[in-house]
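Participant: Encoded as structure tokens, here's the structure I'll be asking about.
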Amino acid sequence: MTNSLDERITRSRTLLSDHDLAGLADLLSDLREHEVTRLLERLDADDRAVLFRLIEKDTALGVFESLDPPLRGELVDALRDDHVVALFEDLDPDDRVELLDELPASVARRLLSGLSDGERTLTAPMLGYPRGSVGRRMSPEYVRLRPDTTAAEDAPTVTATTDAEVAARLCLEYRTAAVVVTDSERRVLGVLTVDTAARILEDAEDEDAARAGGSEPLRRPYLSTPVGTLVRSRVVWLLVLAVSAVLTVQVLEIFEDTLSAVVTLALFIPLLTGTGGNTGSQAATTVTRALAVGDVRTRDLGRVLFREVRVGASMGALLGTLGFVVAGLVYDWHLGLVIGATLLTVCTIAAAVGGVMPLCAKAIGVDPAVFSTPAGCMYRAPAECKVSVKNPERTAEHDRDHT
Numbered sequence: 001m002t003n004s005l006d007e008r009i010t011r012s013r014t015l016l017s018d019h020d021l022a023g024l025a026d027l028l029s030d031l032r033e034h035e036v037t038r039l040l041e042r043l044d045a046d047d048r049a050v051l052f053r054l055i056e057k058d059t060a061l062g063v064f065e066s067l068d069p070p071l072r073g074e075l076v077d078a079l080r081d082d083h084v085v086a087l088f089e090d091l092d093p094d095d096r097v098e099l100l101d102e103l104p105a106s107v108a109r110r111l112l113s114g115l116s117d118g119e120r121t122l123t124a125p126m127l128g129y130p131r132g133s134v135g136r137r138m139s140p141e142y143v144r145l146r147p148d149t150t151a152a153e154d155a156p157t158v159t160a161t162t163d164a165e166v167a168a169r170l171c172l173e174y175r176t177a178a179v180v181v182t183d184s185e186r187r188v189l190g191v192l193t194v195d196t197a198a199r200i201l202e203d204a205e206d207e208d209a210a211r212a213g214g215s216e217p218l219r220r221p222y223l224s225t226p227v228g229t230l231v232r233s234r235v236v237w238l239l240v241l242a243v244s245a246v247l248t249v250q251v252l253e254i255f256e257d258t259l260s261a262v263v264t265l266a267l268f269i270p271l272l273t274g275t276g277g278n279t280g281s282q283a284a285t286t287v288t289r290a291l292a293v294g295d296v297r298t299r300d301l302g303r304v305l306f307r308e309v310r311v312g313a314s315m316g317a318l319l320g321t322l323g324f325v326v327a328g329l330v331y332d333w334h335l336g337l338v339i340g341a342t343l344l345t346v347c348t349i350a351a352a353v354g355g356v357m358p359l360c361a362k363a364i365g366v367d368p369a370v371f372s373t374p375a376g377c378m379y380r381a382p383a384e385c386k387v388s389v390k391n392p393e394r395t396a397e398h399d400r401d402h403t
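With full-length UniProt numbering as the guide, the letters of the sequence shown map in order to residues 1 to 403.
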């Protein structure tokens, strides 16, 4: 399949360079809808527009709907107005809203004005809901039943301003075909279908996976994403982590004399920084997940902090006891005491900071998932090195007193 697709991409580029439109049309006619979509995703914007004009009308709409919103936006810019308006008219209202979010305001207004009155009436109200809300992802087209019709059970209901991911999870949790979307007065506005819910959760998981790795999620297929965009999506966190590493070096330099006196201590620095980072990442990931499903709110910051301090202290006590015994048996009981106390302190601080950072991010309008993994790398090294190196000054003095 992959080799076949690569061959077709090479063939299409050759035909494009030769301006062989008839050959391109024959090539496209032999492809299924999903194969055409994958082919277009691998081409640049200009070539994509040329091929799209050659797709049969019956296939064009399905291909257009299957493309990621940024690629749709590029096609809208490249195609003639009459062609675009016809495609836009045939889209479902929720797909129209998703596309309009990717377009400049002037282009969006032009497309809206080209809709028929009925389709504009369905689409325009959805644009008034906040981005990320279920009101922008619902379908305003649904079947109305008579008031005296009975049902086995009530369908789950959310308001239009509810976060789309929360509504999507509700849909899958109840295993229902749709979630009813209402206004504040419980008047039905539309439905969130199970297909749309699955797509919302898939997009959310992709974003979480990208941010967990310290990069911004891509808004288009990887192979059609410009190199500059890939660099921008990753470099920010690398710069932040580089600054963190510089701070770590500065802390170690400040306590160089202490490390010289107790050389064995340096052997435990990877253990301390790694444990603290993992503890903070676990706390941040847990709280981020709780935020996503609605288990906690920003107003719960105090409760979350108190809980994570207890969790961190408990884990620190267990790990600290282990560190105390191992370091004491292998090296020295005074060093073991320092390692144990440092593990207790590091785990407590890391869990507390990791737990509150997603809530603080949510409060200032930043995606909490950004802090799920890189957070541990940001704060763990400088603070933990300072704790672990500063405490053993007493150990060094003790050793000097006994030499």
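Beta carbons: idealized from backbone N, C-alpha and C, even for Gly.
Please read all numbers here as calculations on a predicted model, not as lab measurements.
Closer than 8 Å is the cut-off here; do at least three beta carbon pairs connect the stretch 281 to 288 with the stretch 322 to 332?
Facilitator: no
Participant: Quick one: measure Cβ to Cβ for PRO140 and GLU102, integer angstroms, because I've assumed they're closer than 8 Å.
Facilitator: Distance from PRO140 to GLU102 at the Cβ level is roughly 20 Å; contact not present, criterion being Cβ atoms closer than 8 Å.
Participant: Should ALA177 go down as buried or exposed, given a rule of 16 or more other Cβ atoms within 10 Å for buried?
Facilitator: Result: exposed.
Participant: Only counting runs of 3 or more residues, tell me where the beta strand (DSSP E) segments fall wholly within the stretch 60 to 87, in order along the chain.
Facilitator: Entirely contained in the stretch 60 to 87, not one beta strand (DSSP E) run reaches 3 residues.
Participant: In this structure, what does DSSP give as the bridge partners for GLY190?
Facilitator: VAL181
Participant: With H, G and I counted as helix, E and B as strand and the rest as coil, what does DSSP make of ASP195?
Facilitator: helix
Participant: Mind reading off the beta-carbon distance from residue 404 to MET126? Whole number of angstroms is fine, and I expect it under 8 Å.
Facilitator: No answer is possible for residue 404: the residues shown for the chain start at 1 and end at 403.
Participant: Can you tell me which of the three DSSP states SER314 falls into?
Facilitator: helix
Participant: Just how far apart, CA to CA, sit MET315 and ALA160?
Facilitator: Looking at the two C-alpha atoms, the distance is approximately 42 Å.
Participant: Using three-state DSSP, classify SER281 as helix, strand or coil.
Facilitator: helix
Participant: Under the DSSP definition of a beta bridge, which residues are partnered with ASP163?
Facilitator: SER133
Participant: For LEU5 and GLU202, what's the separation of their Cα atoms in angstroms?
Facilitator: A straight line joining the alpha-carbon of LEU5 with that of GLU202 spans about 25 Å.
Participant: For GLU205, is the classification buried or exposed, using 16 other Cβ atoms within 10 angstroms of its Cβ as the cut-off for buried?
Facilitator: exposed
Participant: Distance, Cα to Cα, TRP333 vs ALA351?
Facilitator: Going by the C-alpha atoms only, they are around 27 Å apart.
Participant: Could you check what DSSP says for VAL309 in three-state terms: helix, strand or coil?
Facilitator: helix
Participant: For a test of the three-state rule: what should DSSP assign to VAL143, helix, strand or coil?
Facilitator: Coil.
Participant: Have a look at ILE269, THR348, GLY320 and THR342 and flag the residue whose alpha-carbon is nearest the alpha-carbon of GLN282.
Facilitator: THR348
Participant: Work out the CA separation of ARG303 and VAL338 for me, nearest whole Å.
Facilitator: When rounded, the separation of the alpha-carbon atoms in VAL338 and ARG303 is 30 Å.
Participant: Check whether the Cβ atoms of SER133 and ASP163 lie closer than 9 Å to each other.
Facilitator: yes
Participant: Relative to the C-alpha of LEU61, which residue among ASP95, LEU43, ASP30 and ALA78 is closest?
Facilitator: ASP95
Participant: What's the gap between the Cα of GLY376 and the Cα of VAL191?
Facilitator: Confidence at GLY376 is low in this model, with a pLDDT of 48, below 50, so the placement of that residue is unreliable and no value is reported for it.
Participant: Let me check understanding here. Comparing Cα to Cα, which of ARG110, ALA124, VAL188 and GLY114 lies closest to VAL143?
Facilitator: VAL188
Participant: Are there 16 or more other CB atoms within 10 angstroms of the CB of ALA45, so buried, or fewer, so exposed?
Facilitator: Classification for ALA45: exposed.
Participant: On the criterion of 16 or more Cβ atoms from any shown chain inside 10 Å, does SER12 qualify as buried, or is it exposed?
Facilitator: Classification of SER12: buried, given that the 10 Å Cβ count is 16 or more.
Participant: Nearest by alpha-carbon distance to ASP195: which of THR182, ARG169 and ARG186 is it?
Facilitator: ARG169
Participant: According to the Cβ coordinates, are VAL36 and LEU28 closer than 9 Å?
Facilitator: yes
Participant: Let me check understanding here. Comparing Cα to Cα, which of SER17, PRO93, TYR331 and ASP154 lies closest to ARG120?
Facilitator: Taking only the C-alpha atoms, the option nearest ARG120 is PRO93.
Participant: Name the two residues that bound the continuous alpha helix (DSSP H) containing ARG42.
Facilitator: Where ARG42 is concerned, there is no enclosing alpha helix (DSSP H), given that its DSSP letter is neither H nor E.
Participant: Mind checking LEU322: buried by the 16 CB within 10 Å criterion, or exposed?
Facilitator: exposed
Participant: Please report the residue range of the alpha helix (DSSP H) in which THR176 lies.
Facilitator: Boundaries cannot be given for THR176, as no alpha helix (DSSP H) includes it and DSSP labels it neither H nor E.
Participant: Could you spell out where the alpha helix (DSSP H) holding GLY114 opens and where it closes?
Facilitator: Annotation for GLY114: no alpha helix (DSSP H) segment contains it, and DSSP assigns it neither H nor E.
Participant: Hey, how far is the Cα of LEU87 from the Cα of ILE364?
Facilitator: 39 Å
Participant: Considering only C-alpha positions, which residue in the set HIS83, ASP47 and GLU41 is nearest to SER66?
Facilitator: Nearest C-alpha to SER66: GLU41.
Participant: Tell me the DSSP bridge mates of THR157?
Facilitator: Paired residues: VAL180.
Participant: At the level of alpha carbons, what is the spacing between ALA22 and THR14?
Facilitator: Cα-Cα distance, rounded: 13 Å.
Participant: Please classify GLU98: does DSSP put it in a helix, a strand, or coil?
Facilitator: helix
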